[in-house]
Amino acid sequence: MKAKNFLQQFNIFKQCKKYGLPLWECPQFLFVIMGIVIIITAISTYLIGTRYLDNPETVALITLGLAMVLFIISFIINKSLEMLAEASRMKSEFVRIVSHQLRAPLTNLKWSIEMMISEGLENVREKQLLDFIRTLKENSNRMEELVNNLLIVSRMEKDGIHEKKENTDLEKIVNQFVSESKAFADSSNIQLKLDCQKNLPTVFIDPSKIKLVIENFIDNAIRYTKKRGIVEIKLRKYKNNICFEVKDEGVGIPKEDQKYIFQKFFRARNVLKYQTHGSGLGLFIAKSVIDKMGGKIGFESKEEKGSTFWFKIPIR
Amino acid sequence: MKTILFIEDEATLQKTFGKTLEEEGFKVIPALDGDIGLKLANPPAGGKKPDLILLDLILPRRNGFEVLKEIKGDEETKDIPIIVLTNLETMDNVDRAIELGATTYLVKANYSLREVITKVKQVLGE
């Protein structure tokens, strides 16, 4: 058994399968290739060196060429190790997010129920009962949102994004979502300003997927604007694209965090100071959706000044 | 009456746990973020300092570790016992909190309301 386990360590294909990496991105496989190249390099250098002893320039050139090959292979190995390190970071982040963001509403529910039971249900007044039901609703919604986002990401990574494309009226979707967000914006003292160009052409995309992106942009703009402010939402046709943009006067994204903003589970440091809830999955999902639609997504942001998030999708 | 400063950003927990503590005879001072918590831990001259602090770690404005460090680093407040009440369970967080001077570290999801009350009373020597 021990001998079998020992031999399995040399089964490169099995090792690579374990990490879920293609062969050309698997460090074990690349190490073997590098070993072979090193041996070939050493032998050929020896052979070439002895044959062309009178022409050292040729030997130097060939050695240089082989060194280049080795350099490229080590670069690829380094990249694949980075990918493994990134996967490990994601796993830790996943555990952290799930342990905190899922446990927080669970604790709220658990302790609320315990309090109701200890007080005796027959003694509970109507207002207390309403508060209790509101707590149940809010916290179950929080858990549902996180689990849904995790499921979307998991499905996206496993099977890719499946689109049910149809002619989609973006103006209608944006209008609908803005009116649905009004209550949330009002309660946060934020004014939503909508500027939709009239008679926009429809786009052939999956409406349920684009709703995720629009919802994420508007929701973030409201959530990360502190005190009061204006959130401007624009929908326009520009050349052969439909462009959507959400501008806020919120906390903005620090410059050093901007390059990570579309990464899975990433949340900017300053954002954690204002809003402790959040999974860091919304913008990752948004980027994946827009990429799949053949569009482009981006943002401009200044810390303490605000952000403008935009996407454009081609009209086909 | 003993006073407990409860630094926690979850409004639901402030309500449920705060109420339970009051029913047990404690005076509860709520703080919804780290900055407010720090101010209330060391009120201006004449103000009464809390007898105990219940501290969450993930907090807006200033996280729990920063609050803990400030309170334990200040001569005026360093003797106030602090119970860390959080949902972060990793050992490095536990070690860091204890190292910074927390009296004990409780993972919310692993305790019932009653058990946390018992711990609070233990720490207060009741």
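Top line first, the protein sequences correspond to chains G and R. Residue 316, in the working numbering, is where the first sequence stops; the numbers in between run on with no holes. Residue 1126, in the working numbering, is where the second sequence stops; the numbers in between run on with no holes. Glycine residues also receive a C-beta, built at the ideal position from the N, C-alpha and C atoms.
Return the residue from the list G:Phe71, G:Thr45 and G:Thr63 that minimises the CA-CA distance to leucine 30 of chain G. Indexing the first sequence from 1 puts residue 30 of chain G at position 30. Comparing Cα positions, the closest option is G:Phe71.
With 8 Å as the limit, tell me which residues of the stretch 1010-1033 of chain R have their beta carbon closer than that to any beta carbon of chain G; keep them in chain order. Glu1010, Thr1012, Leu1013, Lys1015, Thr1016, Phe1017, Lys1019 and Thr1020
Supposed close pair lysine 1108 of chain R, threonine 107 of chain G - CB separation, criterion 8 Å: Position 108 of the second sequence, counting from 1, holds the residue named residue 1108 of chain R. Position 107 of the first sequence, counting from 1, holds the residue named residue 107 of chain G. That belief holds up - the Cβ atoms of lysine 1108 of chain R and threonine 107 of chain G are roughly 4 Å apart, short of 8 Å.
Roughly how many angstroms separate the alpha carbons of methionine 293 of chain G and phenylalanine 13 of chain G, rounded to a whole number? Taking the first residue of the first sequence as 1, we reach residue 293 of chain G at position 293. Taking the first residue of the first sequence as 1, we reach residue 13 of chain G at position 13. Approximately 34 Å between the Cα atoms of the pair.
CA nearest to the CA of phenylalanine 177 of chain G, picked from G:Glu166, G:Leu194 and G:Asn167: On the first sequence, residue 177 of chain G is found 177 positions in, with the first residue counted as 1. Residue G:Leu194 is the option with its Cα nearest to phenylalanine 177 of chain G.
Threonine 1104 of chain R: first and last residue of the uninterrupted beta strand (DSSP E) it sits in: Reading the second sequence from its first residue, position 104 is the one you call residue 1104 of chain R. Counting along the chain, the beta strand (DSSP E) containing threonine 1104 of chain R begins and ends at 1104-1107.
I want to verify the contact list: residues of chain R whose CB lies under 7 Å from the CB of leucine 106 of chain G, in sequence order. Reading the first sequence from its first residue, position 106 is the one you call residue 106 of chain G. Simply Ala1109.
Top-ranked residue by Cα proximity to phenylalanine 311 of chain G, from G:Lys287, G:Thr50, G:Lys302 and G:Phe262: For this step, residue 311 of chain G is matched to residue 311 along the first sequence. The shortest Cα separation from phenylalanine 311 of chain G among G:Lys287, G:Thr50, G:Lys302 and G:Phe262 belongs to G:Lys287.
Any chain R beta carbon closer than 9 Å to lysine 91 of chain G: As a working note, residue 91 of chain G is residue 91 in the first sequence. So no, lysine 91 of chain G is outside the interface.
Is it right to say valine 32 of chain G is buried, meaning 16 or more other beta carbons lie within 10 angstroms of its own, or is it exposed? Within the first sequence, residue 32 of chain G is the residue found at index 32, counting from 1. Its Cβ having fewer than 16 others within 10 Å, valine 32 of chain G is exposed.
Using beta-carbon positions only, say whether asparagine 199 of chain G and proline 314 of chain G come within less than 9 Å of one another. In the first sequence, residue 199 of chain G corresponds to position 199, counting from 1. In the first sequence, residue 314 of chain G corresponds to position 314, counting from 1. Result no, Cβ atoms of asparagine 199 of chain G and proline 314 of chain G do not sit closer than 9 Å.
Starting from the beta carbon of leucine 1113 of chain R, find every residue of chain G whose beta carbon is closer than 8 Å, and list them in chain order. As a working note, residue 1113 of chain R is residue 113 in the second sequence. Chain G residues near leucine 1113 of chain R: Trp111, Glu114, Met115 and Ser118.
Quick one: what does DSSP say phenylalanine 266 of chain G is sitting in, helix, strand or coil? Here residue 266 of chain G refers to the residue found at position 266 of the first sequence. Phenylalanine 266 of chain G: coil per DSSP, three-state reduction.
Anything in chain G within Cβ reach of glutamate 1089 of chain R, meaning under 7 Å, just list it in chain order. Taking the first residue of the second sequence as 1, we reach residue 1089 of chain R at position 89. Simply Ser99.
Going straight from the alpha carbon of isoleucine 1036 of chain R to that of isoleucine 214 of chain G, what length do you get? Residue 1036 of chain R sits at position 36 when you count from the first residue of the second sequence. Residue 214 of chain G sits at position 214 when you count from the first residue of the first sequence. Cα to Cα, isoleucine 1036 of chain R sits roughly 35 Å from isoleucine 214 of chain G.
Option nearest arginine 142 of chain G by Cα separation, candidates G:His277, G:Glu304 and G:Ser179: Here residue 142 of chain G refers to the residue found at position 142 when the first sequence is read from its first residue. For arginine 142 of chain G, the nearest C-alpha among the options comes from G:His277.
If you drop the 5 nearest sequence neighbours on each side, which residues of the same chain put their C-beta closer than 6 Å to that of isoleucine 297 of chain G? For this step, residue 297 of chain G is matched to residue 297 along the first sequence. Here the set comprises Lys287, Ile290 and Phe311.
Measure the C-alpha to C-alpha separation of threonine 1118 of chain R and threonine 1090 of chain R and round it to an integer number of angstroms. Indexing the second sequence from 1 puts residue 1118 of chain R at position 118. Indexing the second sequence from 1 puts residue 1090 of chain R at position 90. Cα to Cα, the separation comes out at about 23 Å.
What's the gap between the Cα of leucine 1100 of chain R and the Cα of leucine 1068 of chain R? Translated into the one-based positions of the second sequence, residue 1100 of chain R becomes position 100. Translated into the one-based positions of the second sequence, residue 1068 of chain R becomes position 68. About 7 Å.
Chain-order list of residues whose beta-carbon lies under 8 Å from that of methionine 34 of chain G (same chain, five-residue window excluded): By one-based count along the first sequence, residue 34 of chain G stands at place 34. Same-chain partners within the cutoff: Leu70, Ile73, Ser74 and Ile77.
Pop quiz: leucine 1059 of chain R and isoleucine 1007 of chain R are said to be a contact at Cβ under 8 Å. What is the actual Cβ separation, rounded to whole angstroms? Stepping through the second sequence from its first residue, residue 1059 of chain R is reached at position 59. Stepping through the second sequence from its first residue, residue 1007 of chain R is reached at position 7. Right, the Cβ-Cβ distance comes to about 7 Å (below 8 Å), so this counts as a contact.
What's the gap between the Cα of leucine 66 of chain G and the Cα of isoleucine 97 of chain G? One-based indexing of the first sequence puts residue 66 of chain G at position 66. One-based indexing of the first sequence puts residue 97 of chain G at position 97. So the alpha carbons of these two residues sit roughly 46 Å apart.
Just to make sure I have the definition right: I need the residues of chain R whose C-beta is within less than 9 Å of the C-beta of asparagine 139 of chain G. Which are they? Sequence index remark: in the first sequence, residue 139 of chain G carries index 139 (1-based). Thr1012, listed in chain order.
What first and last residue would you give for the alpha helix (DSSP H) that runs through valine 37 of chain G? For this step, residue 37 of chain G is matched to residue 37 along the first sequence. Here the alpha helix (DSSP H) through valine 37 of chain G covers 27-51.
Would you tell me roughly how many angstroms separate the C-alpha atoms of leucine 109 of chain G and isoleucine 1082 of chain R, rounded to the nearest one? Taking the first residue of the first sequence as position 1, residue 109 of chain G is located at position 109. Taking the first residue of the second sequence as position 1, residue 1082 of chain R is located at position 82. Taking the straight line from one Cα to the other gives about 25 Å.
Check whether the Cβ atoms of valine 1146 of chain R and leucine 1021 of chain R lie closer than 9 Å to each other. Nothing about residue 1146 of chain R can be reported from this structure: the residues present for chain R run from 1001 to 1126 only.
What are the residues that DSSP puts in a beta bridge with isoleucine 1004 of chain R? Counted from its first residue, the second sequence places residue 1004 of chain R at position 4. Answer is R:Val1028 and R:Leu1052.
Quick one: what does DSSP say glutamine 128 of chain G is sitting in, helix, strand or coil? For the purposes of this step, residue 128 of chain G is identified with residue 128 of the first sequence, where counting begins at 1. Residue state, collapsed to three classes: helix.
Cα separation between valine 271 of chain G and proline 254 of chain G? For this step, residue 271 of chain G is matched to residue 271 along the first sequence. For this step, residue 254 of chain G is matched to residue 254 along the first sequence. So the alpha carbons of these two residues sit roughly 9 Å apart.
Below 9 Å between beta carbons: does that hold for leucine 1038 of chain R and glutamate 1070 of chain R? The residue labelled residue 1038 of chain R in the question sits at position 38 within the second sequence. The residue labelled residue 1070 of chain R in the question sits at position 70 within the second sequence. A contact, by the Cβ cut-off of 9 Å.
If you measure from the beta carbon of threonine 308 of chain G to each beta carbon in chain R, is any gap under 9 Å? Here residue 308 of chain G corresponds to residue number 308 of the first sequence, with the count starting at 1. Answer no: the Cβ-Cβ gap between threonine 308 of chain G and chain R never drops below 9 Å.
Alpha carbon to alpha carbon, what distance is there between glutamate 1023 of chain R and leucine 146 of chain G? Position 146 of the first sequence, counting from 1, holds the residue named residue 146 of chain G. Position 23 of the second sequence, counting from 1, holds the residue named residue 1023 of chain R. Leucine 146 of chain G and glutamate 1023 of chain R: Cα-Cα distance of roughly 34 Å.
Could you check the C-alpha separation between asparagine 1093 of chain R and tyrosine 224 of chain G for me, to the nearest Å? Counted from its first residue, the second sequence places residue 1093 of chain R at position 93. Counted from its first residue, the first sequence places residue 224 of chain G at position 224. Cα to Cα, the separation comes out at about 27 Å.
If you draw a straight line from the alpha carbon of lysine 1019 of chain R to that of leucine 1113 of chain R, how long is it in whole angstroms? As a working mapping, residue 1019 of chain R is identified with position 19 in the second sequence. As a working mapping, residue 1113 of chain R is identified with position 113 in the second sequence. In a straight line, the C-alpha of lysine 1019 of chain R is about 11 Å away from that of leucine 1113 of chain R.
With distances taken Cα to Cα, identify the nearest neighbour of leucine 192 of chain G among G:Ile222, G:Val203, G:Glu166 and G:Ile161. Numbered from its first residue, the first sequence carries residue 192 of chain G at position 192. When only C-alpha atoms are compared, the closest one is G:Ile222.
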